[in-house]
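Just so we're aligned, residue 32 is where the sequence shown starts under the numbering used here, counting upward by one. Only one structure is covered here, and it is reproduced in the block below.
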Amino acid sequence: MADHAPQPPARPTGSPPEVEVDPRVLDGIIVKEFGGRKENLIMILQSIQKEYGYLPEKALRHTAERLEVPTSHIYSVGTFYSTFSFVPKGRHVVTVCLGTACHVRGAQRVLDGLSKRLDIAPGETTADMRFSLETVRCVGCCSLGPVVRIGQDTHGRVGVDGLTRLVDQYE
Ligand code: FES
Numbered sequence: 032m033a034d035h036a037p038q039p040p041a042r043p044t045g046s047p048p049e050v051e052v053d054p055r056v057l058d059g060i061i062v063k064e065f066g067g068r069k070e071n072l073i074m075i076l077q078s079i080q081k082e083y084g085y086l087p088e089k090a091l092r093h094t095a096e097r098l099e100v101p102t103s104h105i106y107s108v109g110t111f112y113s114t115f116s117f118v119p120k121g122r123h124v125v126t127v128c129l130g131t132a133c134h135v136r137g138a139q140r141v142l143d144g145l146s147k148r149l150d151i152a153p154g155e156t157t158a159d160m161r162f163s164l165e166t167v168r169c170v171g172c173c174s175l176g177p178v179v180r181i182g183q184d185t186h187g188r189v190g191v192d193g194l195t196r197l198v199d200q201y202e
């Protein structure tokens, strides 16, 4: 049967190359861990993203085959949840909060400063795969604004002057 839409989101210019996927690793997730059951699709996608750091296209096609569902169904589920990524991410995801409380305290200047320091725009990853830069609307600690998360770490009251020192902590 023809399988036309939806397709994966367009990869941003300069995206890192796709990783190689191992079908045995994928079958370990899809079949062994989740019984090859299509109702476990979201958990399967979460495990694949945990394994590779994102959802590689080849992994999604393999998943569609194993679950006997159209790839378009996999993409429609993957694109519905913002936690899923279709492009490789850096070792450290730098997330700048642009919620109202952070915005009024200069979050845009922090974002611009990080963008300049890392030489990437929001949504991009550095060529050395060290950092990805993202934005979010409120991470729930508004009194600390402007807030920047790097991986699991939350940094509050971030100023534009300390940005180089901030990112240099992360290898
Ligand atoms: S607005 Fe930034 S943490 Fe709430």
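Just so you know, even glycine gets a beta-carbon here, dropped at the ideal spot from N, CA and C. Here the structure is a predicted model, which is why all the values come from computation and not from measurement.
Relative to the non-hydrogen atoms of the ligand FES, the Cβ of Val170 comes within a distance shorter than 7 Å of at least one. For the 8 Å CB-CB criterion, Val198 and His186 do not form a contact.
A straight line joining the alpha-carbon of Leu164 with that of Thr156 spans about 7 Å.
Distances from the CA of Asp143 to each of Ser174, Leu194, Phe117 were compared; the closest alpha carbon is that of Leu194. Closer than 7 Å to some heavy atom of the ligand FES: that describes the Cβ of Gly176. Looking from the CA of His93, the closest CA among Val52, Cys128, Val124 belongs to Val52. Spatial neighbours of Thr166 in its own chain (CB-CB distance under 8 Å, excluding positions within 5 residues in sequence) are listed in chain order as Thr126, Val127, Cys128, Leu129, Leu142, Pro153.
In the three-state reduction of the DSSP assignment, Ser116 falls in the coil class. Close CB contacts of Val191 within its chain, under the 7 Å cut and outside five residues either way in sequence, are with Arg140, Val141, Gly144 (chain order). DSSP places Ser163 in the uninterrupted beta strand (DSSP E) bounded by 162–167. The continuous beta strand (DSSP E) containing Ile181 extends over residues 179–181.
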